[in-house]
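*Asks:*
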Amino acid sequence: MEASAGLVAGSHNRNELVVDDIPPEQHALVPSYMGGGGGGGKRIHPLPFADPSLPVQPRSMDPSKDLAAYGYGSVAWSDRMERWKKNQESLQHARSDGGGDWDGDDADLPLMDEARQPLSRKVPIPSSRINPYRMIIVIRLVVLGFFFHYRVMHPVNDAFALWLISVICEIWFAMSWILDQFPKWLPIERETYLDRLSLRFDKEGRPSQLAPVDFFVSTVDPSKEPPLVTANTVLSILAVDYPVEKVSCYVSDDGAAMLTFEALSETSEFAKKWVPFCKKFNIEPRAPEWYFQQKIDYLKDKVAASFVRDRRAMKREYEEFKVRINALVAKAQKVPEEGWTMQDGSPWPGNNVRDHPGMIQVFLGQSGGHDVEGNELPRLVYVSREKRPGYNHHKKAGAMNALVRVSAVLSNAPYLLNLDCDHYINNSKAIKEAMCFMMDPLVGKKVCYVQFPQRFDGIDRHDRYANRNVVFFDINMKGLDGIQGPIYVGTGCVFRRQALYGYDAPKTKKPPSRTCNCWPKWCLSCFCCRNKSKKKTTKPKTEKKKRLFFKKAENPSPAYALGEIEEGVPGADVEKAGIVNHQKLEKKFGQSSVFVASTLLENGGTLKDASPASLLKEAIHVISCGYEDKTDWGKEIGWIYGSITEDILTGFKMHCHGWRSIYCIPKRPAFKGSAPLNLSDRLHQVLRWALGSVEIFFSKHCPLWYGYGGGLKFLERFSYINSIVYPWTSIPLLAYCTLPAICLLTGKFITPELTNAASIWFMALFICIFITGILEMRWSGVAIDDWWRNEQFWVIGGVSSHLFAVFQGLLKVLAGIDTSFTVTSKGGDDEEFSELYTFKWTTLLIPPTTLLLLNFIGVVAGISNAINNGYESWGPLFGKLFFAFWVIVHLYPFLKGLVGRQNRTPTIVIVWSILLASIFSLLWVRIDPFLAKSDGPLLEECGLDCN
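Letter by letter, the sequence shown follows residues 1 to 947 in UniProt numbering.
1. For Met477, which residues of its own chain have a beta-carbon under 6 angstroms away from its beta-carbon, when the five flanking residues on both sides are left out?
2. Enumerated in chain order, which unbroken segments of the beta strand (DSSP E) with a length of 3 residues or greater are wholly contained in the region 690 to 752?
3. Here's the rule: buried if 16 or more other CB atoms are within 10 angstroms of the residue's CB, otherwise exposed. What is Asn392?
4. For Trp779, tell me which candidate among Ile724, Pro740, Arg129 and Val152 has the shortest Cα-Cα distance.
5. Return the first residue and the last residue of the beta strand (DSSP E) that Ile188 is part of.
6. Using C-beta distances below 7 angstroms, list every residue in its chain close to Cys768, excluding the 5 sequence neighbours before and after it, in chain order.
7. Taking the Cβ atom as the reference point for each residue, do Trp172 and Thr751 lie within a distance shorter than 8 angstroms?
8. Buried or exposed for Trp163, please, with buried defined as at least 16 other CB atoms from any protein chain shown within 10 angstroms of its CB.
9. Along the chain, where does the alpha helix (DSSP H) containing Asn392 start, and where does it finish?
10. Assign Gly858 to one of two classes, buried (16 or more other C-beta atoms within 10 Å of its C-beta) or exposed (fewer than that).
11. Is DSSP giving residue 949 helix, strand or coil here?
12. When the Cα atoms are used, what is the spatial distance from Gly458 to Glu269?
13. Considering only residues of the region 221 to 284, which uninterrupted beta strand (DSSP E) runs meet the minimum length of 3 residues and lie entirely inside it, listed in chain order?
14. Under the three-state reduction of DSSP, which class applies to Val443: helix, strand or coil?
15. Which whole-angstrom value is the C-beta distance of Thr267 and Val234, which I expect to be below 8 angstroms?
16. Got a sec, what are the start and stop residues for the beta strand (DSSP E) residue 948 sits in?
17. Tell me, to the nearest whole angstrom, how far the beta carbon of Gly482 is from that of Ile178; I am working on the premise that it is less than 8 angstroms.
18. So, for Ser719: in the same chain, excluding its five sequence neighbours on each side, which residues have a beta-carbon less than 6 angstroms away from its beta-carbon?
19. Could you tell me which residues DSSP puts in a beta bridge with Pro124?
20. To the nearest angstrom, how far is the alpha carbon of His657 from that of Ser759?
21. Can you tell me the Cα-Cα spacing of Ser223 and Leu677, whole angstroms?
22. Could you compute how far the alpha carbon of Ala413 sits from the alpha carbon of Ala735?
23. Near Glu170, what residues of its chain come up, given a Cβ to Cβ distance below 6 angstroms and the 5 sequence neighbours on each side ignored?
24. What would DSSP say about Lys587, mapped onto helix, strand or coil?
25. Going by alpha carbons, who is nearest to Gly398 out of Leu733, Arg134, Trp874 and Asp647?
26. Answer with buried or exposed for Arg668, where buried requires no fewer than 16 other C-beta atoms within 10 angstroms of its C-beta.
27. How would you label Leu380, buried or exposed, when you count the other beta carbons within 10 angstroms and need 16 or more for buried?
28. Compute the beta-carbon to beta-carbon distance between Lys588 and Ile637, rounded to the nearest angstrom, for a pair I have assumed lies under 8 angstroms.
29. In the structure shown, what three-state DSSP assignment does Asp457 receive?
30. Might you give, ordered along the chain, the residues of its own chain that have their beta carbon closer than 6 angstroms to the beta carbon of Ile817, omitting 5 neighbours on each side?
31. Is Phe437 buried or exposed, if buried means 16 or more other CB atoms sit within 10 Å of its CB?
32. Nearest by alpha-carbon distance to Phe885: which of Thr772, Cys737, Met359 and Phe671 is it?
33. What did DSSP end up calling Glu602 once you bin it into helix, strand or coil?
34. Identify whether His655 lies in helix, strand or coil by the three-state DSSP scheme.
35. Given this structure, state the Cα-to-Cα distance separating Thr746 from Ile168, to the nearest angstrom.
36. Measure the Cβ-Cβ separation of Pro389 and Asp440 and say whether it is below 8 angstroms.
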């Protein structure tokens, strides 16, 4: 019955002419006492459930009888069916004639048309895989309760300090596990339908209706981020499978390097040959360095006779391009004393990196923006924001905000994609994958960003230092997608521009309550009065609930021209639209009338009457040093300041505004990048991430106390809390990894002698941990090697990088001592995996090396002690040895990296580690550990008289 009513409502939305053809008295939901022929109190249902065993009784129609008595009768429906058939016939004729005047968005199209289907769908994890996983989590919680009950109620009196430290550490580990585990409770996967997206927005022979996208590429130091790597990223963007008029690429050079500028100029010239080659033969990937390095049969599925010839010619062109880029790099090694000069003889404005004006250069898009075949190329813009002494430029977050403003002035696409300079587009259809979510009429309006997983090239097969982060990207992020969406990881993310401007997510409007004209009038009047009274009582409460930031207009696309706002044209009623006035907008967004006007256009677009010269002048203005002063940039708008890991803060603020994010995993990885190979660089990268989390922990944006009453969901908050608390786990982890050596050296242990009942809880806990890992790998598809490497590096990073991050964070907050970070070096042209065994001195290596030496010394001392004391000493030894081997096995990749292929371990590391291990060993309370544990010889009288 409700389905029938819904169908009528849907017909009303699709064709308003049909609605008036059904008289009110012919509505299906008509009580029998309202009909002309029937008494009694029974209702007549339009779709009765008939018993198939009973014969169907014929029902003759009485012309004098009310049609409503027959339910959905044949009169109204027969008329509607005739009209529907005529419409279908006319549509078929229009299609057969070529469809010149046929509009694909015609409301008369049937609902099941392919173009009207959802652009994506959720794919839940099969219950046979996820339900056992959830059950074991609950069982593990119960076992943890009994385990801690035993541990707390059975202290070790002769080793009370060791027992107390171990219990505190175990409780902390349990809390960390809960924070990490429960956001994985609702994992989902997603599917996209690119064919439906094309049918709806990108039909052949018609102008594309896909939304424009602005691409952001950020780079700082060309000596650590090779220009050839940046060039490959830019080339993959310019060749993306997306309408060229919808693509604009902005490259931020925060180092104001002339080398980057010249390399980008060479890249724009090479793109005129590379882009048509990619689109002609539909190659993947579209970064030339990685395309020509593929060890595959490139003739597979290539039927064009000219492909081999064109590919060889293009490879020669690329080799020449590399020679030119490498020549620029070699020339830049020696900087002239007077600095660099441009072709016209004027000095390069960026000679002083810390004091230079803003620079913008449009390489493609204005003139000369066509390839060798005469086709238009996407826009390519070089941007270097102004730098002056005395200003806080906020590193990468400040550079990204400058790109947001420049792009808003020049192109103002409604969607943004940011990439690190070493992350190239590996799947040319990745942007369309994101648009399947962003442009979906059902879910797209509330999506703030679509995050893609990070995938990497050039990592050794064993992934010794867990560079791929497979567990995080394939387990944790899928779990978050089932709650409110994944966190932002800094690259490979498509944003909605309006979400970056700090607006609240649009509220889902409740469908209007359906009323039926078949109910008695007194029922309807009572129902309406009841609704009015509810609205009156709830109105004051809703008015008190105000957002942290100004609210967006109810109208989803406010298109107020700046002139209308300034002149106060009656049509631009700012109060009714819910937008604050122009002066307040300038306080929020800065003193740029052009940029402020662009923020009011949700669907993008620039000022039509403005000349390119005036727009460039305005773009230079919005990247000046003082533009963000006394505005909300970095506080509520754009990338959020306050941490070196600005990505976590930015995504967190959006989720607090009620937005949700989407996790998209295409079959072909969307983006690929480079990762640090050697252990030293990897530890410094992890140190940077951990220090950012510690900074957020001490900031006002800490998820422990920020954002309550907003749109952040409970389990999503769990994930954010875990992302800023995990560095603190390094302290109990360091203590816990030291305990085995102390136990072996002192002969003490952290637990008393176990009874049979206690052994059950210990064994049950280990079994639950083991089964949880197996089931997690089963539903996620993560290989056991990746899972185990992640477990190992959790210990390695915890006792090194995370520990230093905690102390550096405390120094920064309490003493104001700031630490500077160098950019992680990107991949170059060296021999494959040549840096895997490269070892660089860093203090981060000392704690794990010391732990290894301590546990090795403890194992040797414990075994020697057991040999000396006999058979009875071996039983208690096994528990201590298992404890020590747990530490050594987890630190094994570090040990292998420490020794290396050519034994390049720095001497200073060995000296410091031996020194610290010796100090800990001297704390051994036993003076001679290899004597039997007795107070002295036992003297007895033998009964003989020796005198």
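A virtual CB, placed ideally from N, CA and C, is assigned to each residue, including glycine.
*Replies:* Taking the structure as given:
1. Working through the sequence shown from its first residue, we reach residue 477 at position 477. So the qualifying residues of the chain are Pro486 and Tyr663.
2. none
3. Position 392 of the sequence shown, counting from 1, holds the residue named residue 392. Asn392 comes out exposed.
4. The residue labelled residue 779 in the question sits at position 779 within the sequence shown. That would be Arg129, whose Cα lies nearest to the Cα of Trp779.
5. The sequence position of residue 188 within the sequence shown is 188, counting from 1. Ile188 to Thr192 is the extent of the beta strand (DSSP E) around Ile188.
6. Within the sequence shown, the letter at position 768 stands for residue 768. Excluding residues within five positions, the ones whose Cβ falls inside 7 angstroms are Ile136, Ile139, Arg140 and Val143.
7. The count along the sequence shown starts at 1 and reaches residue 172 at position 172. The count along the sequence shown starts at 1 and reaches residue 751 at position 751. Contact flag unset, no.
8. Residue mapping note: residue 163 aligns to position 163 of the sequence shown, counting from 1. Per the 10 Å Cβ criterion, buried.
9. The count along the sequence shown starts at 1 and reaches residue 392 at position 392. Element bounds for Asn392: n/a, residue is neither H nor E.
10. The count along the sequence shown starts at 1 and reaches residue 858 at position 858. By the 10 Å Cβ count, Gly858 comes out buried.
11. Here the chain has residues from 1 to 947 only, and residue 949 is not among them.
12. Here residue 458 is taken as the residue at index 458 of the sequence shown, counted from 1. Here residue 269 is taken as the residue at index 269 of the sequence shown, counted from 1. Taking the straight line from one Cα to the other gives about 28 angstroms.
13. 247 to 253
14. Stepping through the sequence shown from its first residue, residue 443 is reached at position 443. Coil.
15. For the purposes of this step, residue 267 is taken as residue 267 along the sequence shown, with counting starting at 1. For the purposes of this step, residue 234 is taken as residue 234 along the sequence shown, with counting starting at 1. Contact holds; Cβ gap of about 5 angstroms.
16. Summary: the structure shown does not reach residue 948, with the chain confined to residues 1 through 947, and so no result is reported for it.
17. Residue 482 sits at position 482 when you count from the first residue of the sequence shown. Residue 178 sits at position 178 when you count from the first residue of the sequence shown. The Cβ separation is near 18 angstroms, so there is no contact.
18. By 1-based counting over the sequence shown, the position of residue 719 is 719. Cβ within range, chain order: Pro183 and Leu480.
19. Counting from one through the sequence shown, the residue named residue 124 turns up at place 124. Pro124 pairs with Ile188.
20. Position 657 of the sequence shown, counted from the start, is the residue given in the question as residue 657. Position 759 of the sequence shown, counted from the start, is the residue given in the question as residue 759. Distance between the alpha carbons of His657 and Ser759 is about 49 angstroms.
21. The residue you call residue 223 lines up with position 223 of the sequence shown. The residue you call residue 677 lines up with position 677 of the sequence shown. C-alpha separation (whole angstroms): 18 angstroms.
22. Locating residue 413 in the sequence shown gives position 413, counting from the first residue. Locating residue 735 in the sequence shown gives position 735, counting from the first residue. Using only the alpha carbons, I get a separation of about 52 angstroms.
23. Residue mapping note: residue 170 aligns to position 170 of the sequence shown, counting from 1. Result list for Glu170: empty, nothing under 6 angstroms.
24. Position 587 of the sequence shown holds residue 587. Three-state DSSP puts Lys587 in a helix.
25. Numbered from 1 along the sequence shown, position 398 holds the residue referred to as residue 398. Closest by alpha carbon: Asp647.
26. Within the sequence shown, the letter at position 668 stands for residue 668. Exposed.
27. Counting from one through the sequence shown, the residue named residue 380 turns up at place 380. Buried is the call here.
28. Translated into the one-based positions of the sequence shown, residue 588 becomes position 588. Translated into the one-based positions of the sequence shown, residue 637 becomes position 637. Correct: roughly 7 angstroms between the Cβ atoms.
29. Here residue 457 refers to the residue found at position 457 of the sequence shown. Three-state DSSP puts Asp457 in a strand.
30. Reading the sequence shown from its first residue, position 817 is the one you call residue 817. Taken in chain order, the residues that qualify are Leu811.
31. Against the sequence shown, residue 437 aligns to sequence position 437. Buried.
32. The residue labelled residue 885 in the question sits at position 885 within the sequence shown. Comparing Cα positions, the closest option is Cys737.
33. By one-based count along the sequence shown, residue 602 stands at place 602. Glu602 falls in the coil class under three-state DSSP.
34. The residue you call residue 655 lines up with position 655 of the sequence shown. Reduced to three states, the DSSP call for His655 is helix.
35. Position 746 of the sequence shown, counting from 1, holds the residue named residue 746. Position 168 of the sequence shown, counting from 1, holds the residue named residue 168. Going by the C-alpha atoms only, they are around 20 angstroms apart.
36. Residue mapping note: residue 389 aligns to position 389 of the sequence shown, counting from 1. Residue mapping note: residue 440 aligns to position 440 of the sequence shown, counting from 1. Going by C-beta atoms, Pro389 is not nearer than 8 angstroms to Asp440.
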